Amino acid sequence: MITQELPRLLQPPRQSFFLFGPRGSGKSTWIRQRFPKALRFDLLDEALYQELLVRPAGFADRIRHLPPRSWVCVDEVQRLPSLLNEVHRSIEERGLRF
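66 is the number of the first residue of the sequence shown in the working numbering; add one for each residue after it.
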């Protein structure tokens, strides 16, 4: 079987966005390549997931130092939907991009 990598047509947006797609389609890889300086939260990391599940305010503590227009990536956010409230607040009040 011949495998080749096709160039991605998706260009990085300038504002916050959701990236949806099937498992194994390269979403996380695309994010890492296009946003290398972004602060990343991988909610498949069980320790991080449990920490934020018990204390969601810990998310705000971890992004407090970021200047406006900084990029933050929350991978697997569907595991902790309540985190989207803090994401929304951070976009509106602090100008962060997710």
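Cβ atoms here follow ideal geometry from the backbone N, Cα and C, with glycine treated the same way. Nothing here was measured: the structure is a model prediction, and the numbers come from that model.
Coarse secondary structure for residue i, derived from DSSP in three states
i: L149; result: helix
i: R154; result: helix
i: L109; result: coil
i: L131; result: coil
i: L161; result: coil
i: G91; result: coil
i: R79; result: coil
i: R97; result: helix
i: R120; result: coil
Proximity of residue i and residue j at Cβ, strictly below 8 Å
i: E157; j: D107; result: no
i: S155; j: L161; result: yes
i: V137; j: L104; result: yes
i: P133; j: R159; result: yes
i: F163; j: S90; result: no
Beta-bridge pairing of residue i - partner residues as DSSP gives them
i: F85; result: None; F85 has no bridge partner.
i: V139; result: F106
7 Å Cβ shell around residue i - same chain, five flanking residues per side excluded
i: L145; result: L108, Y114, L117, L118
i: N150; result: none
i: R99; result: P77
Residues of its chain near residue i, where Cβ-Cβ distance is below 6 Å and the 5 sequence neighbours each way are ignored
i: K92; result: L84, G86
i: V139; result: F106
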